[in-house]
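Student: I am attaching a structure below and will ask some questions about it afterwards.
Protein chains: 2
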Amino acid sequence: MSNKNVFLKKYFLMTRSEENYLKTIFHLGGGDAKSITTNAIAEQMETKPSSVTDMAKKLSEKGLVDYVRYQGVSLTDVGVKTALSIIRKHRLWEVFLVKKLDFTWDEVHEVAEQLEHIKSEKLIDKLDELLEFPKHDPHGDPIPTKDGKFQERDEKLLSEMPINSQGVCVGVKDSSVPFLKFLDKNKIALGNTIKVLDKEDFDNSLRIQMDGKEMRISHQIAANLYVKKND
Amino acid sequence: MSNKNVFLKKYFLMTRSEENYLKTIFHLGGGDAKSITTNAIAEQMETKPSSVTDMAKKLSEKGLVDYVRYQGVSLTDVGVKTALSIIRKHRLWEVFLVKKLDFTWDEVHEVAEQLEHIKSEKLIDKLDELLEFPKHDPHGDPIPTKDGKFQERDEKLLSEMPINSQGVCVGVKDSSVPFLKFLDKNKIALGNTIKVLDKEDFDNSLRIQMDGKEMRISHQIAANLYVKKND
DNA sequence: ATCTATTTTTAGATTTGTCTAAATTTAATT
DNA sequence: AATTAAATTTAGACAAATCTAAAAATAGAT
Ligand SMILES: [Mn+2]
Ligand SMILES: [Mn+2]
Ligand SMILES: [Mn+2]
Ligand SMILES: [Mn+2]
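Those protein sequences? They're chains A and B, same order as listed. Using my numbering, the letters of the first sequence map in sequence onto residues -7 to 223. Using my numbering, the letters of the second sequence map in sequence onto residues -7 to 223.
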């Protein structure tokens, strides 16, 4: 490889692994100058702390994270921007899979993990356009704009809504396959209107009314559903 | 990694590099039991012959190629099937980029080189369906079916057509960016009807009539355009 | 302030894919 | 059949990303 290419590779081209680390650090809160520990990253990525240390040094060398030995890492501005661009791609591809290829919301994540690493600015811009600039992915997570802005939502966990309040289900906190399948089976979907009828002190379970029908759901379910409260 | 996963990885999961080697060997004719030399593969892939030797051993170990030291490699049945599935993905993605995302035919190859390695059978089946089961990619190359069948075409190079014969332009042999841009600039596109008016002995150039207009094209151009002869 | 459990880093090894340089084999030419 | 040129393989090295085991640093508890 030529000298110029070595330079480009070292400072600009991101490997798949580097991108995955940045994304994980962001999701663990490392975008807000907060230091994320080696162990936390290792656990999240199902790898070993020693591997995380190695990558922390490399990303620090590239100016993508601030790394202090024994203290952890946080993302630099460039690191945040890069993480957001990967998250943007991940979520846009998830929308594509659901809207254009009839994937269910529990099938998209694994494939999006691969697609998010495709390098082509035009591809992602045109995909955004094809999907008519969606604001949220199939799990209700916000899609960052091209220039890395996040549209924060005024949303609450269903478990924190007071009795008799009402709102629209807008997202899931846990987007694991089992949870999503459970929601499907119980006909709980984004967009549904939910009213909290009653809370049970004993186990924190809720009695709710959803699109006319009454049902009881456990605290664990309610604590993983985001609701936009009606004003 | 567990023992089972090590086994799966060794015998079933293809790396990007392995897939690229199989594809190259296929394109060099290694699907017809013909032995492809180490040097030919190295040149095509812009790598070194010693690297090709290493990979030949690995692919042979996996049962994807037949490799005889100093003689070269050819694809096994499994190797052909695998190569065709990658080529199928490459070409379907190219159609997607042109038909759904407004890419031009000279922009798609590079991105398809990345997309062809995405692993999801459902993704490619659904993509095929979204595109309404296209038979050819934007350069006129046939798209193998899901079960690895190729629809061969009755096509000729324009340079081999006799004077006064006529046909429809259905593909390009060279699909490099400069050639494709040249064709665009001269309004030569797939689907155009071309009639050979005259051939110049001196430089083998052709006088043709295309959609009413007359023009002269060099032998090099004519030798890279596939035409389906009208019966 | 010292001890101790936990976290984190280092050192050294491994796998994949690549390279260079040297050795070997094949194929062409006398 | 011997010589030579070209093709191919081997040996050894390297970078990336990972691991294990041992060493070092930190933080919590006395
Ligand atoms: Mn996801
Ligand atoms: Mn990923
Ligand atoms: Mn192509
Ligand atoms: Mn490729």
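Beta carbons are placed, not taken as given, at the ideal position from N, Cα and C, and that holds for glycine. The structure displayed is predicted, hence computed values, not measured ones.
Determine, for A:S112, whether the minimum Cβ-Cβ distance to residues of chain B falls below 7 Å.
Tutor: Residue numbering aside, residue 112 of chain A sits at position 120 when the first sequence is read from its first letter. Chain B, which has a Cβ nearer than 7 Å to the Cβ of A:S112, makes this yes.
Student: What would DSSP say about B:I155, mapped onto helix, strand or coil?
Tutor: For the purposes of this step, residue 155 of chain B is taken as residue 163 along the second sequence, with counting starting at 1. Three-state result, B:I155: coil.
Student: Can you list the residues of chain B that A:V103 reaches, using a CB-CB cut of under 9 Å?
Tutor: As a first step, residue 103 of chain A must be located in the first sequence, where it is residue number 111. A:V103 reaches chain B at I110, K111, S112, K114, L115, counting residues in chain order whose Cβ is nearer than 9 Å.
Student: Output the boundary residues of the beta strand (DSSP E) element that contains A:I224.
Tutor: Here chain A covers residues -7 to 223 and nothing more, so residue 224 of chain A does not appear.
Student: Tell me, to the nearest whole angstrom, how far the beta carbon of B:P130 is from that of B:L76; I am working on the premise that it is less than 8 Å.
Tutor: Walking along the second sequence from the start, residue 130 of chain B turns up at place 138. Walking along the second sequence from the start, residue 76 of chain B turns up at place 84. So it is not a contact: roughly 19 Å between Cβ atoms.
Student: For the region 0 to 24 of chain B, which residues have a CB atom closer than 7 Å to at least one CB atom of chain A, in sequence order?
Tutor: none
Student: Look at the Cβ atom of A:I17, then the Cβ atom of B:Q106, and state whether they are nearer than 7 Å.
Tutor: As a first step, residue 17 of chain A must be located in the first sequence, where it is residue number 25. As a first step, residue 106 of chain B must be located in the second sequence, where it is residue number 114. Contact: no.
Student: Identify the contact partners of B:D129 in chain A, using a Cβ-Cβ distance below 8 Å as the criterion.
Tutor: Position 137 of the second sequence, counted from the start, is the residue given in the question as residue 129 of chain B. None at all; the shortest Cβ gap to chain A is about 17 Å.
Student: Return no unless some Cβ of chain A is closer than 7 Å to the Cβ of B:Q36.
Tutor: Numbered from 1 along the second sequence, position 44 holds the residue referred to as residue 36 of chain B. Chain A, which has no Cβ nearer than 7 Å to the Cβ of B:Q36, makes this no.
Student: Does the region 52 to 69 of chain B touch the region 84 to 100 of chain B, meaning 3 or more C-beta pairs lie closer than 8 Å?
Tutor: no
Student: Can you find a heavy atom of ligand 4 that lies under 6 Å from the Cβ of B:E102?
Tutor: Start at 1 with the first residue of the second sequence, and residue 102 of chain B comes out as number 110. Every heavy atom of ligand 4 is 6 Å or more from the Cβ of B:E102, so no.
Student: Does the region 178 to 185 of chain A come close enough to the region 153 to 163 of chain A that 3 or more CB-CB pairs lie under 8 Å?
Tutor: Using a C-beta cut-off of 8 Å, the region 153 to 163 of chain A makes contact with the region 178 to 185 of chain A, since at least three inter-stretch Cβ pairs fall below that distance.
Student: Taking a contact to mean a Cβ-Cβ separation below 7 Å, would you say B:P134 touches B:F142 in this structure?
Tutor: Locating residue 134 of chain B in the second sequence gives position 142, counting from the first residue. Locating residue 142 of chain B in the second sequence gives position 150, counting from the first residue. Against a cut-off of 7 Å, the Cβ pair of B:F142 and B:P134 comes out as a contact.
Student: Check this for me: beta carbons of A:L122 and A:L217, under 7 Å apart or not?
Tutor: Taking the first sequence and counting its residues from 1, one reaches residue 122 of chain A at position 130. Taking the first sequence and counting its residues from 1, one reaches residue 217 of chain A at position 225. Cβ atoms of A:L122 and A:L217: not closer than 7 Å.
Student: Please confirm whether A:T29 and A:G64 have their CB atoms less than 7 Å apart.
Tutor: Position 37 of the first sequence, counted from the start, is the residue given in the question as residue 29 of chain A. Position 72 of the first sequence, counted from the start, is the residue given in the question as residue 64 of chain A. It is a contact, given that the beta carbons lie within the stated cut-off.
Student: Could you tell me whether the Cβ of B:K81 comes closer than 7 Å to any Cβ of chain A?
Tutor: Residue mapping note: residue 81 of chain B aligns to position 89 of the second sequence, counting from 1. Contact of B:K81 with chain A is not assigned, every C-beta pair being separated by 7 Å or more.
Student: Once DSSP output is grouped into helix, strand and coil, what is the label at B:S166?
Tutor: The sequence position of residue 166 of chain B within the second sequence is 174, counting from 1. Here residue 166 of chain B is Asp; the residue named in the question, Ser, does not match the sequence. Of the three classes helix, strand and coil, the one that applies to B:D166 here is coil, per DSSP.
Student: Straight-line CA distance for A:T68 to B:F(-1)?
Tutor: Numbered from its first residue, the first sequence carries residue 68 of chain A at position 76. Numbered from its first residue, the second sequence carries residue -1 of chain B at position 7. When rounded, the distance between both Cα atoms is 40 Å.
Student: Tell me whether A:I209 sits in a helix, a strand or coil according to DSSP, three-state version.
Tutor: Counted from its first residue, the first sequence places residue 209 of chain A at position 217. DSSP places A:I209 in strand when its eight states are reduced to three.
Student: Mind reading off the beta-carbon distance from A:L119 to A:I78? Whole number of angstroms is fine, and I expect it under 8 Å.
Tutor: For the purposes of this step, residue 119 of chain A is taken as the residue at position 127 of the first sequence. For the purposes of this step, residue 78 of chain A is taken as the residue at position 86 of the first sequence. Not quite, the Cβ-Cβ distance comes to about 14 Å (not below 8 Å), so this is no contact.
Student: Check A:S9 in the structure and name its three-state DSSP category.
Tutor: As a first step, residue 9 of chain A is located in the first sequence; it is residue number 17 there, counting from the start. In the structure shown, A:S9 falls within a helical segment according to DSSP collapsed to helix, strand and coil.
Student: Rounded to whole angstroms, what's the CA-CA distance from B:S112 to B:S210? Just pull it up for me.
Tutor: Within the second sequence, residue 112 of chain B is the residue found at index 120, counting from 1. Within the second sequence, residue 210 of chain B is the residue found at index 218, counting from 1. Each residue's Cα considered, the two are about 44 Å apart.
Student: Do you know offhand how far A:E144's Cα is from A:Y3's?
Tutor: Residue mapping note: residue 144 of chain A aligns to position 152 of the first sequence, counting from 1. Residue mapping note: residue 3 of chain A aligns to position 11 of the first sequence, counting from 1. Rounded to whole angstroms, A:E144 to A:Y3 spans 31 Å at the Cα level.
Student: How long is the line joining the alpha carbons of A:A25 and A:T74, rounded to whole angstroms?
Tutor: On the first sequence, residue 25 of chain A is found 33 positions in, with the first residue counted as 1. On the first sequence, residue 74 of chain A is found 82 positions in, with the first residue counted as 1. Distance between the alpha carbons of A:A25 and A:T74: 15 Å.
Student: Would you please verify whether the beta carbon of A:L122 is less than 7 Å from any beta carbon of chain B?
Tutor: By 1-based counting over the first sequence, the position of residue 122 of chain A is 130. True, the Cβ-Cβ gap to chain B drops below 7 Å.
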